[in-house]
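Engineer: Got a structure for you, written out below as structure tokens; questions coming shortly.
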Amino acid sequence: MATRPPRPAELLLLLPLLLHLPSALSDPDDEACLSNLRSSLTDPNGGLRNWTAATFAAPCNGFTSYLEGVTCNNGRVYKLSLTGLSLAGALSPSLANCTNLQSLDLSSNALSGPIPSELSSLLNLAVLNLSSNRLSGPIPPELALCAYLNVLDLHANILTGLIPDQLGLLGRLSAFDLSYNRLEGPIPALLANRTAVAGAAAALPRFNASSFAGNRDLYGYPLPPKRGAGLSVLAIVGIGLGSGLLSLVLSFTAVCIWLRVTEQAALIPSEEGKISHLMPDY
């Protein structure tokens, strides 16, 4: 007996169930992203105890996550938040494989090494918070390719070099903090004094001095202008001590010369004695 095809009304009843079926397979990119990140980190407090190979194979089930700090959206890693776990090690360039990632927050840890330029592949990224770590090296200008960035927080690291001009092109940026690093040079004009761009209804936000404070060699609005090549405190003290010592030496030398001249003058016979010696006897 042939079975009849399902009626349209029956298919409609099944549609909600089909829409909520969990993802049977994980995304291989997410698996590579998470497994490589875990291998690059040390976890002294065991905050990543459930980050195991078995879990990497299927970190998400629809909107359910099986990993600490991971938020899933339709079977993909959507947010990654591992803050204040004392994690050490380097940032894995494989983070770029989490292509659906919209928020990456690894703040308040002990991460070191450079910020991978590969993060520029996260085209959906809206939040990047790597603050309060030990990250070093320059800020990758490629981060400007993350056009949807709303938050870029890199404060309290040991980043060096110039602030890339390209970051001023991030038109959606509303929270920006590079304070307390070792950055140098001028602050890009597009970050310091952002004005309305062509076609924009209103001016873009302008970041104040708190976004750049604590970088000794950074200058330009909204910070003070570049400092002149003035003398340091040590140089001023050295010049003062040197001048005092030179003055003392010169004074001592002058006194010695005066005493020597006086001594020699005392040994020379007077003029009267000379005349009587030369006069003949009568």
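The sequence shown begins at 18 in our numbering and counts up one residue at a time. Note that beta-carbon positions come from the ideal geometry of N, C-alpha and C, so glycine has one too.
1. Between Leu97, Ser134, Ala161, which lies nearest to Asn146 when the distance is taken from Cα to Cα?
2. So is Pro76 buried or exposed if we call it buried at 16+ other beta carbons inside 10 Å?
3. Given a cut-off of 8 Å, decide if Leu123 and Gly64 are closer than it, judged by their beta-carbon atoms.
4. Could you pull out every unbroken alpha helix (DSSP H) segment of at least 4 residues lying fully inside the region 35-101, listed in chain order?
5. Evaluate Leu140 with the Cβ neighbour count: other Cβ atoms within 10 Å of its Cβ, from every protein chain shown; 16 or more gives buried, anything less gives exposed.
6. Measure the alpha-carbon distance for Cys50 versus Leu200 and round it to whole angstroms.
7. Hey, out of Pro157, Gly130, Leu152, Asn150, whose CA is closest to Leu136's CA?
8. Going by DSSP, what residues sit across from Pro203 in a beta bridge?
9. Pick out whichever of Ser149, Pro181, Ser82, Ala71 has its Cα sitting closest to the Cα of Leu104.
10. Counting along the chain, where does the beta strand (DSSP E) carrying Ala230 start and finish?
11. Under 8 Å, with one C-beta from each stretch per pair, do the region 159-170 and the region 188-198 reach the 3-pair mark?
12. Determine the closest residue to Val94 out of Ser52, Pro133, Leu108, with distance taken between C-alpha atoms.
13. In three-state terms, what does DSSP make of Ile180?
14. Let's see if you can read the secondary structure: which residues bound the beta strand (DSSP E) around Arg151?
15. Which residue marks the beginning of the beta strand (DSSP E) containing Phe193, and which one marks its end?
16. Quick one: grab the DSSP three-state call for Ser124.
17. Alpha carbon to alpha carbon, how far is Thr81 from Val87?
18. Suppose the cutoff is 6 Å on Cβ atoms and the five residues either side in sequence are ignored; what does the same chain contact list for Leu248 look like?
19. Excluding sequence positions up to five away, which residues of its chain have a Cβ less than 8 Å from the Cβ of Pro242?
20. Using 8 Å as the threshold, is the C-beta distance between Ile204 and Ile180 below it?
21. To the nearest angstrom, report how far apart Pro39 and Gly154 are at their CA atoms.
22. Which residues in the same chain have their Cβ closer than 6 Å to the Cβ of Ala217, if we skip the five residues on either side of it in sequence?
23. Give every residue of the same chain whose Cβ lies closer than 8 Å to the Cβ of Asp234, excluding the five residues on either side of it in the sequence, and list them in chain order.
24. Where does Ala113 sit, in a helix, a strand or coil, going by DSSP?
Structural biologist: The short version:
1. Leu97
2. buried
3. no
4. Qualifying alpha helix (DSSP H) stretches, in chain order: 45-57, 70-73.
5. exposed
6. The straight-line gap from Cα to Cα measures roughly 30 Å.
7. Pro157
8. Partner(s): Tyr236.
9. Ser149
10. Segment: none, Ala230 is in no beta strand (DSSP E) and carries neither H nor E.
11. yes
12. Ser52
13. coil
14. 151-154
15. 192-194
16. coil
17. If I take the Cα positions, the gap works out to 9 Å.
18. At Leu248, the pLDDT of 44 sits below 50, so the modelled position is not reliable and the matter cannot be decided from this model.
19. Result list for Pro242: Tyr236, in chain order.
20. yes
21. Confidence in Pro39 is poor, its pLDDT being 42 and thus under 50, which makes the residue's placement too unreliable to answer from.
22. With a pLDDT of 49 at Ala217, under the threshold of 50, the predicted position of this residue should be treated as unreliable, and no value is reported.
23. Arg199, Leu200, Glu201, Gly202
24. helix
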